[in-house]
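To convert, take the position in the sequence shown, counting from 1, and add 799; that gives this note's numbering.
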Amino acid sequence: MSVWVQAHPQLQGRALVPGCGLGHDVVFLAEAGYESVGVDLSATAIQRAMATHPGHASRFVLGDLFALPEAWKGSFDFIFEHTCLCALPPHLRQAYAETVGQLLRPGGLLVGVWFIEPEMDPGESGPPFGISLEELSALFPPHAWAVEEDYIPEQAYAGREKRERLRALRKIS
Ligand SMILES: C[S@@+](CC[C@H](N)C(=O)[O-])C[C@H]1O[C@@H](n2cnc3c(N)ncnc32)[C@H](O)[C@@H]1O
């Protein structure tokens with residue numbers, strides 16, 4: 800994610816981080832000039848994010864991605880996805896795609912580092928729940944989303960090397 804942001808220094812705007820956890824992406828984006836907001840369902844995560852980043856506390860919102868204020872719809876220029884979708888049970892994926900589509904303004908960008916290659920132990924199912932490229936493409940179909948960038952990031956968390964895919968999707972309308 801940071802590599803993508805650094806590669807596009809001219810971009811700025813209102814950015815949402817769904818499932819922001821402890822908030823490091825929200826703070827990174829704020830420091831890069833974005834008007835960033837993070838939402839998380841976990842009160843503990845939000846409290847810890849606020850305590851760790853007191854200067855950015857107002858950026859962290861306790862809430863359910865699927866029940867955000869109506870006024871937020873269409874208000875984001877960017878959504879930065881990292882390990883929120885893979886934390887959700889697969890039956891919520893369609894709702895996730897619809898929700899992020901509603902939150903982004905037309906022409907807005909969904910920048911995701913998607914977990915495409917889960918390595919599961921026998922009998923293990925997740926979370927994290929990996930997603931195949933085919934499923935990812937079906938979730939964000941070409942009539943509604945244009946793939947702007949699509950590659951395996953060089954940089955990854957330990958153990959995630961070559962198992963993540965950066966795909967940036969522009970909401971067409
Ligand atoms: C694997 S963590 C990722 C945290 C962070 N994005 C990161 O990269 O460190 C997934 C987060 O999604 C949050 N989450 C799960 N379902 C959610 C929902 N419906 N609305 C908001 N947050 C949710 C969880 O509470 C958790 O903090």
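For every residue, glycine included, the Cβ atom is placed at its ideal position computed from N, Cα and C. Please read these numbers as outputs of a predicted model, since none were measured by experiment.
{"Query": "Pro817 and Val838 closer than 9 angstroms at C-beta", "Result": "yes"}
{"Query": "Any non-hydrogen atom of ligand 1 closer than 8 angstroms to Val804 Cβ", "Result": "no"}
{"Query": "DSSP beta-bridge partners of Ala967", "Result": "Val910, Glu948"}
{"Query": "For ligand 1, residues whose Cβ lies under 5 angstroms from any non-hydrogen atom", "Result": "Gly818, Gly820, Asp839, Leu840, Ser841, Ala844, Asp863, Leu864, His881, Thr882, Cys883, Ala886"}
{"Query": "Residue interval of the alpha helix (DSSP H) (run including Leu938)", "Result": "932-938"}
{"Query": "Residues sharing a beta bridge with Ile878, DSSP", "Result": "Leu815, Leu909"}
{"Query": "Secondary structure of Ser972, DSSP reduced to three states", "Result": "coil"}
{"Query": "Distance between beta carbons of Thr851 and Leu821, contact taken as under 8 angstroms", "Result": "6 angstroms"}
{"Query": "Closest by C-alpha distance to Asp876, when choosing among Ala842, Glu834, Ala894, His855", "Result": "Glu834"}
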